[in-house]
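In this note's numbering, the protein residues as written are 81 to 164. Glycine is no exception: its CB is placed at the ideal position from the N, C-alpha and C atoms.
Right under this line is the structure:
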């Protein structure tokens, strides 16, 4: 990645990679990037926005856990509770 870039956004949609991941759903999906992101040095990564229509009646206070998984050589998983 260009060393002069200090921040950027990546939009990941559930329908972007259906040819590669045909079992993707709105609530569980994987996305193939056109070009891998190669970040040198230390970077801070955050989820800046999530779109959840109010038609998801199964998300209530007792089950409001979201898991974001990042795959590398080893699987790493971060979980954020109480995002609602």
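In the structure shown, residue 108 falls within a coil segment according to DSSP collapsed to helix, strand and coil. Taking C-beta atoms as the reference points, residue 104 and residue 97 count as a pair closer than 8 angstroms. For residue 84, the secondary structure class from DSSP, reduced to helix, strand or coil, is coil. Distance from the Cα of residue 127 is smallest, within the candidate group 89, 108, 85, for 89. Distance check between residue 112 and each of 130, 100, 106, 118 places 100 closest, using alpha-carbon atoms only.
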